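Taking it in order: structure first as structure tokens, then the write-up.
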Amino acid sequence: MKFFGFAAGFAATLTLLSTTSAFAVTQISWWHAMTGANAEVVDKISKDFNASQSDYELVPVFKGTYPETLNAGIAAFRAGQAPDILQVFDVGTGVMMAAEGAIKPAADVLTSAGMTFDKSQYLSGIVGYYSKPDGTMLSFPYNSSSPILYYNKDIFQKAGLDVDNPPKTWNEVWEAAKKIKASGAASCGYTSTWLTWIHLENFAAWNDVSWATQQNGLAGGDVELKINAPIFVNHFQALADLAKDGTFKYGGRTSEAKQIFLAGECGIFTESSGGLGDIVKSGMNYGIGQLPYDTDAKGAPQNTTPGGASLWVFGNKSDEQYKGVAAFFAYLSKTDVQEYLHQKSGYLPVTLAAYEATKKSGFYDKNPGRETPILQMTGKAPTDNSKGVRLPNLPQVRDIQNEELEKMLAGQQTAQQALDNAVTRGNAAIKEALEN
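Here the sequence shown stands for residues -24 to -1, 1 to 412, numbered as in mature numbering (1 follows the signal peptide of the UniProt record, and there is no 0).
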């Protein structure tokens, strides 16, 4: 049976996955990190899946931020109380890959339920990131995203900026942010979520420069960071200079800056495409632009790498639980479900069929900019610098980077010092993780 079927094939799948007892309902627990509009999407998908069949009950449980959800899953596994499905953000991929005995590859879950996985049905950049080098899919890519630029059109108009022409390069962002601040159109020109993901990892990929050796960790574990190269230093020194008078406002390490933008404090904002739901819900007169690139980078822009999260399945569950998980993944793969998730949340559609259906419906024509994150990720074939980032302890390395960048933004050190320290400390942490 093909994993991606239409209505008839899906109905047959559910028949195949039926429990032996007509009256038994198997609960499937799903721990997630979605908030706001994206939590509403999780609830609707869960309720619709439960209503579509009578053998399984999907139970979504919010466990906090991405890092908190990952830590909760690890702690639950150690206590012998792991959920069936755990949503893990992209940065935790290496952590989960290293825990081979703790997880059951998504491909195996599907195979054991009588399905075959056809990766040609996926957006290649997404499925490749969550697979082994041999192509085995380890986790189901639920909510993949790409970092994009949002801007407040009302603030742009007050500042005398072109509301139909968002900045395309980082130099243009800096100049527009200064104009917004100087004009009094807003108290701050620019803010951003996830500095490590957007301004280090995707900055490297989008500009086709090395983030680290060994293809950023995808080709091997003996990795050395390269984020103190001049192009990174110049970029972060510009941010540090803008922070001195509040032209750039730092919100926090993850998605906290979204609230600054939603409150109308800043006119320009870089964030995950998955942050779109809350921006739409706010009623803001917003616009979307591509992730800015560095004019000093040859061949930029290249391609962005997946953010967001995927669904990992824990090991040592019953056959019925695995059948239920497989049924849920089959449901998630339906074109209409993927269309809903993509159009409502801003996350990328997992399947090519959902992307093509959305395009054919005229959705992108009616909603300018909504195709931008897909085009960013798929516009060019990935290079060794732009396939993604993977380390067994990437959350720890990100924490180190955040600590040094926060000292820089507080005026305690230069960008060169911050990134030199991040490289030295990060390399030591990577080496220690490999030795242990």
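Yeah, the Cβ is synthetic: ideal placement off N, Cα and C, and Gly gets one too. What you are looking at is a predicted structure, and each value in this text was computed from that prediction instead of being measured.
Local Cβ density within 10 Å of residue i, reported as buried at 16 or more and exposed below that
i: glycine 227; result: buried
i: glycine 77; result: exposed
i: arginine 54; result: exposed
i: leucine 385; result: buried
i: valine 37; result: exposed
i: serine 337; result: exposed
i: glycine 104; result: buried
i: serine 294; result: exposed
i: lysine 342; result: exposed
i: glycine 49; result: buried
i: asparagine 119; result: buried
i: alanine -3; result: The pLDDT assigned to alanine -3 is 47, lower than 50, so where the model puts this residue is not dependable, and the model offers no usable value.
i: phenylalanine 397; result: The amino acid occupying residue 397 in the given sequence is asparagine; phenylalanine does not appear at that position. Asparagine 397 should be labelled buried.
i: proline 349; result: buried
i: threonine 311; result: buried
i: proline 358; result: buried
i: glutamate 380; result: buried
i: glutamine 266; result: buried
i: asparagine 412; result: exposed
i: leucine 410; result: exposed
i: lysine 225; result: buried
i: proline 59; result: buried
i: glutamine 297; result: buried
i: glutamine 3; result: exposed
i: glutamine 133; result: exposed
i: alanine 27; result: exposed
i: threonine 92; result: exposed
Three-state secondary structure (DSSP) of residue i
i: glycine 165; result: strand
i: aspartate 154; result: At residue 154 the sequence reads lysine, which differs from the aspartate that was named. Correct three-state label for lysine 154: helix.
i: tyrosine 106; result: coil
i: lysine 363; result: coil
i: proline 123; result: strand
i: isoleucine 264; result: strand
i: leucine 201; result: strand
i: proline 117; result: strand
i: alanine 195; result: coil
i: threonine 112; result: coil
i: asparagine 210; result: helix
i: alanine 188; result: strand
i: alanine 405; result: helix
i: threonine 69; result: helix
i: threonine 354; result: helix
i: asparagine 397; result: helix
i: alanine 239; result: coil
i: proline 277; result: coil
i: serine -7; result: For serine -7, the predicted model reports a pLDDT of 41, less than 50, meaning its position is unreliable; a value from the coordinates is still stated below. Coil, per DSSP.
i: glycine 251; result: helix
i: lysine 220; result: coil
i: aspartate 138; result: coil
i: alanine 180; result: helix
i: valine 256; result: helix
i: alanine -1; result: coil
i: residue 413; result: Beyond the ends of the chain as shown, which are -24 and 412, falls residue 413; an answer cannot be given.
Continuous alpha helix (DSSP H) stretch holding residue i: start and end
i: serine 28; result: 12 to 28
i: valine 301; result: 295 to 308
i: threonine 311; result: 311 to 321
i: methionine 384; result: 370 to 385
Enclosing beta strand (DSSP E) for residue i [first to last residue]
i: histidine 175; result: No beta strand (DSSP E) contains histidine 175, which DSSP labels as neither H nor E.
i: serine 231; result: Per DSSP, serine 231 belongs to no beta strand (DSSP E) and is neither H nor E.
i: alanine 285; result: 283 to 289
i: serine 248; result: 242 to 248
i: tyrosine 226; result: 224 to 226
Strand pairing of residue i, partner residues [DSSP]
i: proline 36; result: Trp6
i: isoleucine 61; result: Trp6 and Val289
i: tyrosine 340; result: Per DSSP, none; premise fails for tyrosine 340.
i: isoleucine 50; result: According to DSSP, isoleucine 50 bridges with nothing at all.
i: asparagine 128; result: Tyr262
i: isoleucine 79; result: Phe290
i: threonine 327; result: Tyr98
i: threonine 145; result: Tyr269
Cβ-heavy atom distance, residue i to the ligand GTP, below 7 Å
i: asparagine 141; result: In the structure shown, the ligand GTP is absent, as is every other ligand, since no ligand is present at all.
Does the count of Cβ pairs from the segment 125 to 140 and the segment 255 to 262 closer than 8 Å reach three?
yes
Contact between the segment 245 to 259 and the segment 215 to 235 is defined here as three or more beta-carbon pairs at a separation below 8 Å; is this criterion met?
yes
Three or more beta-carbon pairs under 8 Å between the segment 2 to 22 and the segment 317 to 327, yes or no?
yes
Across the segment 71 to 86 and the segment 296 to 307, are there enough close Cβ pairs to call them in contact, namely three or more that are closer than 8 Å?
yes
Should the segment 210 to 224 be called in touch with the segment 375 to 389, which here means at least 3 C-beta pairs below 8 Å?
yes
Three or more C-beta pairs below 8 Å linking the segment 193 to 203 and the segment 363 to 372:
yes
Within the chosen definition, does the segment 140 to 157 reach the segment 87 to 97 through at least 3 CB pairs nearer than 8 Å?
no
Could you tell me whether the segment 54 to 74 touches the segment 279 to 299, using the rule of 3 or more Cβ pairs below 8 Å?
yes
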